[in-house]
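Going by the working numbering, the first residue of the sequence shown is number 13, and it counts up by one from there. Heads up, the beta-carbon is just placed ideally off N, CA and C, and yes, glycines get one too. For clarity, every value in this text was computed on a predicted model and none was experimentally measured. Following: one structure in structure tokens, then a few remarks.
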Amino acid sequence: MSYICAASRQALSITELESIKLLEGSLQIGFVRLPVDSNLTTQSICQEMLALAIPENCHKDLSNNLHKILNYYPLYQLDSNTYPCLAEQTELFLQHNQLNAHKIFVQCDMTTLLALVAGGNAVAFIPQSMRQSRQ
């Protein structure tokens, strides 16, 4: 599997329950992925890049051009209920870079998502740290 890096602002992960506890005041501190609820105060402690997972057999003339890749392949996007931060980061990245993609929403985990991409029918944005764990 091949990857292309794309900039995105994010820190660590948080569950929906932790977010609710932070907003209620029953939890004082948490590690979150940006963007977060506007009622929470944040301080970035690290940033992570998004990576675009592309099939190993990606056409060579597409491999370094994000616009061409997204025009050629559909984009698998994880369910926003399961991965709300990644889904929102993907949307923000696409909007910020004025990119259009034919999205296919999938309900699965990251490993299954990578297996779907490896099948050669679509691409997907993933946290770059996931790329490093798969090499």
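Can you look up Ala23 in the DSSP assignment and give me helix, strand or coil? Taking the first residue of the sequence shown as 1, we reach residue 23 at position 11. Confidence at Ala23 is low in this model, with a pLDDT of 34, below 50, so its placement is unreliable and the value that follows should be read with caution. In this structure, Ala23 counts as coil in the three-state DSSP scheme.
Output the boundary residues of the alpha helix (DSSP H) element that contains Pro139. By one-based count along the sequence shown, residue 139 stands at place 127. First-last for Pro139: Val135 to Pro139, but that is the beta strand (DSSP E), not the alpha helix (DSSP H).
Consider the C-beta atom of Phe137 and the heavy atoms of the ligand FAD; say whether any pair is separated by less than 8 Å. Here there are no bound small molecules, and the ligand FAD is not part of this structure.
With H, G and I counted as helix, E and B as strand and the rest as coil, what does DSSP make of Ala99? By one-based count along the sequence shown, residue 99 stands at place 87. Ala99: helix per DSSP, three-state reduction.
In three-state terms, what does DSSP make of Leu130? Working through the sequence shown from its first residue, we reach residue 130 at position 118. According to the sequence as given, residue 130 is Ala; it is not Leu. Looking at Ala130 - three-state DSSP - the assignment turns out to be helix.
Between the beta-carbon of His71 and the beta-carbon of Leu111, is there less than 9 Å? Residue 71 sits at position 59 when you count from the first residue of the sequence shown. Residue 111 sits at position 99 when you count from the first residue of the sequence shown. No; because the gap between Cβ atoms is not below 9 Å, this pair is not in contact.
Could you check the C-alpha separation between Ala99 and Leu62 for me, to the nearest Å? Indexing the sequence shown from 1 puts residue 99 at position 87. Indexing the sequence shown from 1 puts residue 62 at position 50. Going by the C-alpha atoms only, they are around 11 Å apart.
Rounded separation between Leu9 and Pro96 - CA only: Outside the displayed span of the chain (13 to 147) sits residue 9, for which this structure offers no information.
Quick one: is Gln107 buried, meaning 16 or more other Cβ sit within 10 Å of its Cβ, or exposed? As a working mapping, residue 107 is identified with position 95 in the sequence shown. Answer is exposed; the Cβ neighbour count stays below 16.
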